[in-house]
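So the sequence shown is residues -5 to 246, counted in the numbering used here.
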Amino acid sequence: MALRPYIVGNWKMNGTRATLPEARAIDRIAGRFPSVEVGITPPFTLLSAMVNDLSHVSVGGQNCHAEAAGAFTGEISAPMLVDAGAQFVLVGHSERRWKFGEGDSLARAKAEAGLAAGLGVILCVGEREEMRLAGRAVETVTAQLKASLPRVDGMVGHLSIGYEPVWAIGTGRVPTLADVSAMHRAIRTALIEVYGPAGARIRILYGGSVTSANAAELLGGDEVDGALVGGASLTAEAFAGIIMAAAARVEA
Ligand code: 13P
């Protein structure tokens, strides 16, 4: 693993103030493994509290609006995330794409808004099961990626990609290591095509049913620079094994 591993826990719509001790326990673990960059995306309601409480874990938003401000009831902008102390934002998560009807151009606009506000951006892509079964997973994800990538000069260093096969999210099913590697290699090729040599330095995270039991194997895939973790990031006990697996790869 050539790039510093990046392990991000996406809490989705989970967690209340009663869960903050769990985040503090994750922070203590992250402090023991400085070779790994650890992030959490809590629900917006916990963002400021986590920013205050955590010192080794970066805190990010799960989504943002593409505009900086305006009449968009219920939405939160990238500059507002910065104001709350967030350091990064997820955009284009498959739950936004498939449950809220967000497409590639919106993911791209949000990515550009996040970068313009000074946030790190994790742009998520992933195929649905029918595309995988039709043998069209790489083609689908590559097209999604190219249509969603932000085109902002000089900001590529703040971009990461999350590859999350939709059918692997929350299901306990994961692609074979060969399929993960093939997809990550294709994503790397596309990133270099779009950004030139800077594309080689963009971290590509795998997400979808990552646990402490399979993290070491998945992190060993080609061009796998980290993991985007849902369910197994909600407790320090479950998340610790994934952080440790990433640290072990740096030391290997
Ligand atoms: P699970 O780890 O629960 O499958 O979720 C993955 C995910 O969507 C992270 O963003």
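Note that CB positions come from ideal geometry on N, CA and C, so glycine has one too.
Remember, it's a predicted structure, so these values are computed and weren't measured experimentally.
Contact between V85 and N57 holds, since their C-beta atoms are separated by about 7 Å, short of 8 Å. The continuous beta strand (DSSP E) containing E31 extends over residues 31 to 35.
Contact annotation: D173 and R197 have beta-carbon atoms that are not nearer than 8 Å. Across the structure, A192 and H178 are spaced so that their CA atoms are roughly 16 Å apart. For the options G33, E124, V146, the alpha carbon positioned closest to that of R102 is the one of V146.
Closer than 7 Å to some heavy atom of the ligand 13P: that does not describe the Cβ of A105.
Contact between I237 and V32 holds: CB atoms are separated by about 6 Å, below the 8 Å threshold. Every alpha helix (DSSP H) of 4 residues or more that sits fully in the stretch 119 to 176 is shown, in chain order, as 123 to 127, 131 to 142. Per DSSP, reduced to three states, the secondary structure at F82 is strand. Per DSSP, the unbroken alpha helix (DSSP H) holding L14 starts and ends at 14 to 26. About 5 Å separates the beta carbon of V135 from that of V119, a gap short enough to meet the 8 Å contact definition. I70 carries a coil assignment under DSSP once its states are collapsed to helix, strand and coil.
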